[in-house]
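Colleague: Residues 19 to 347, numbered by the working numbering, are exactly what the sequence shown covers, in order. Where a beta carbon is used, it is the ideal one built from N, C-alpha and C, also for glycine. All of these numbers come straight from a predicted model, not from anything done at the bench.
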Amino acid sequence: MGELGEGNRPGDALPLSPEDLDTYKRIAADEGVPDGAPIDRLIALGLVVEDPYRPHRHIALDPRAVAQRLLVTEQAALSQAVERLAQVPALEALTVDFDPHRLYGGPGSEFLPSKRQMNARIGDVTGKATKELYTAQPDSPSDRDPEIQKLGTSRTRDALERGAQLKSLFHSTAHAHEQTREYVADVMKAGADVRAYAGPFPRMVIVDRRHLFIDNYVVEGAESNSGWHVFDRSAVMWARAVFTLFWELATRWQEFDPMPADSVLNERQLVILCQLDAGYLQHQVGQRVGMSDRLINKELANARAALGLSSTNQLMAWYGRWTAGSGRA
């Protein structure tokens, strides 16, 4: 701590050292100050001045006046600092104008070392989703706490109500798990799109093309349910492309699941599908079962609508899986 530079405030000389305080006491007592004793900070604060009549001697000034001046000066500086700090939110708000023009995506990623932290962060981020919510769950499902499942369903519905597009990819074994089937039925009614894939694929959650959650592949010895929250835009978009690749290979949930046929399709629709599966053309089916072509077209359309399918080819593919899974000839 040396002399004050030009433009500095008197308070910049603080704090005073024990030697500074001892020097002031000696000057106030009109004692001589040993050579080399500190004096610069005392002068800068205005606690002492040179004695005009005695060379190399100093005069002590009233510390109360010094303290008052210092208080006024520092209060003014504090007010200015508060005004500057008040501008910080306005500066941070400019991020929305800066980010779209960057070629890179942001601060990178954050390691979340436990399942609790992962679930809390995912819940917080998905709770604000407004554009897209993509989830990929590659493991065979297991029963969850009903309250946890209820919370997940509620978050999904809220995201859909905010206008977000929801795509959920499950492993093919999920269609046989009752609790998962109930969850899927609920979210599909709310507008979600669900598919199942038989092969391996990575676990991930992608939110609004800006947030990515993945398993931990970096920190050795970490908890098995730890993971990463990735913010980098290029990494998030790459993961989204990977998700889309598996999504295109996956089977629509309505086609994959053979269970609801008896309750969703009526017997007349099943008879028509059976005839088509046997190789008869659509107009031949009408002659064989005593239905008009118009009625057959109507029943096929109703069957596609009931299963959420868009073509008769998809309907027949579903029917083939259903007959194989149910043992129905």
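Which partner residues of Gln155 appear in the DSSP bridge assignment?
Modeller: For this step, residue 155 is matched to residue 137 along the sequence shown. Looking at the DSSP assignment, Gln155 forms a beta bridge with Phe188.
Colleague: Below 8 Å between beta carbons: does that hold for Leu184 and Val205?
Modeller: As a working note, residue 184 is residue 166 in the sequence shown. As a working note, residue 205 is residue 187 in the sequence shown. In contact: Leu184 and Val205 (Cβ atoms closer than 8 Å).
Colleague: By DSSP's criteria, Gln183 is part of a beta bridge. Which residues make up the other side?
Modeller: Numbered from 1 along the sequence shown, position 165 holds the residue referred to as residue 183. For Gln183, which the question treats as bridged, DSSP gives the partners Glu150.
Colleague: Report the three-state DSSP secondary structure of Glu68 (helix, strand or coil).
Modeller: On the sequence shown, residue 68 is found 50 positions in, with the first residue counted as 1. Three-state result, Glu68: strand.
Colleague: Pick out whichever of Gly245, Gln155, Gln167 and Ala78 has its Cα sitting closest to the Cα of Asp48.
Modeller: What you label residue 48 is simply residue 30 of the sequence shown in a count that begins at 1. The residue with the shortest Cα to Cα distance from Asp48 is Ala78.
Colleague: From the DSSP output, which residues share a beta bridge with Val303?
Modeller: Here residue 303 refers to the residue found at position 285 of the sequence shown. Partner residues in a beta bridge of Val303, as assigned by DSSP, do not exist.
Colleague: If you measure between the beta carbons of Asp250 and Thr148, is that distance less than 8 Å?
Modeller: As a working note, residue 250 is residue 232 in the sequence shown. As a working note, residue 148 is residue 130 in the sequence shown. No.
Colleague: Taking Tyr201 as part of the alpha helix (DSSP H), name the residues at either end of that continuous run.
Modeller: On the sequence shown, position 183 is the one that residue 201 refers to. That run of the alpha helix (DSSP H) goes Glu196 to Lys207.
Colleague: Check the DSSP bridge columns for Asp233 and list the partner residues they point to.
Modeller: Within the sequence shown, residue 233 is the residue found at index 215, counting from 1. Paired residues: Gly245.
Colleague: Note down, in chain order, each residue of its chain lying with its Cβ closer than 6 Å to the Cβ of Pro55, except the 5 sequence neighbours on either side.
Modeller: Counting from one through the sequence shown, the residue named residue 55 turns up at place 37. At residue 55 the sequence reads Ala, which differs from the Pro that was named. The residues are Thr41.
Colleague: Based on DSSP bridge pairs, tell me the residues matched to Thr269.
Modeller: Looking up residue 269 in the sequence shown gives position 251. Answer is Ala214.
Colleague: Below 8 Å, can you find three or more Cβ-Cβ pairs linking the region 136 to 143 to the region 94 to 110?
Modeller: no
Colleague: Which residues bound the beta strand (DSSP E) around Glu128?
Modeller: Counted from its first residue, the sequence shown places residue 128 at position 110. Segment Ser127 to Leu130, the beta strand (DSSP E) holding Glu128.
Colleague: Would you kindly work out how many angstroms separate the C-alpha atoms of Arg173 and Glu266, rounded to a whole number?
Modeller: Walking along the sequence shown from the start, residue 173 turns up at place 155. Walking along the sequence shown from the start, residue 266 turns up at place 248. Going from the Cα of Arg173 to the Cα of Glu266 covers about 25 Å.
Colleague: I'd like the span of the alpha helix (DSSP H) that includes Ile290, first residue to last.
Modeller: Locating residue 290 in the sequence shown gives position 272, counting from the first residue. First-last of the alpha helix (DSSP H) with Ile290: Glu285 to Asp295.
Colleague: Roughly how many whole angstroms lie between the Cα atoms of Leu22 and Asp58?
Modeller: Reading the sequence shown from its first residue, position 4 is the one you call residue 22. Reading the sequence shown from its first residue, position 40 is the one you call residue 58. With a pLDDT of only 47 at Leu22, under 50, the local geometry of the prediction cannot be trusted, and the value read off the model is given with reservation. A straight-line Cα-Cα distance of about 8 Å links Leu22 and Asp58.
Colleague: Just mark Asp38 as buried or exposed, buried being the case when its beta carbon has 16 or more other beta carbons within 10 Å.
Modeller: For the purposes of this step, residue 38 is identified with residue 20 of the sequence shown, where counting begins at 1. Flag for Asp38 reads buried.
Colleague: As a quick exercise: from Ala259, Arg286, Ala104 and Glu238, pick the residue whose alpha carbon is nearest that of Leu318.
Modeller: Within the sequence shown, residue 318 is the residue found at index 300, counting from 1. Measuring from the Cα of Leu318, the nearest candidate turns out to be Arg286.
Colleague: Taking the DSSP output, what are the residues bridged to Val282?
Modeller: One-based indexing of the sequence shown puts residue 282 at position 264. Answer is none; Val282 lacks a bridge partner.
Colleague: Taking Ala323 as part of the alpha helix (DSSP H), name the residues at either end of that continuous run.
Modeller: Walking along the sequence shown from the start, residue 323 turns up at place 305. Start and end: Asp311 to Leu325.
Colleague: Which value, in whole angstroms, describes the spacing of the CA atoms of Ser190 and Gln105?
Modeller: Walking along the sequence shown from the start, residue 190 turns up at place 172. Walking along the sequence shown from the start, residue 105 turns up at place 87. Straight-line Cα distance between these residues: approximately 53 Å.
Colleague: If you run the structure through DSSP and keep just helix, strand and coil, what is Val51?
Modeller: For the purposes of this step, residue 51 is taken as residue 33 along the sequence shown, with counting starting at 1. Val51 falls in the coil class under three-state DSSP.
Colleague: Which first and last residues belong to the beta strand (DSSP E) in which Ile77 is found?
Modeller: If you number the sequence shown from 1, residue 77 lands on position 59. Start and end: His76 to Ala78.
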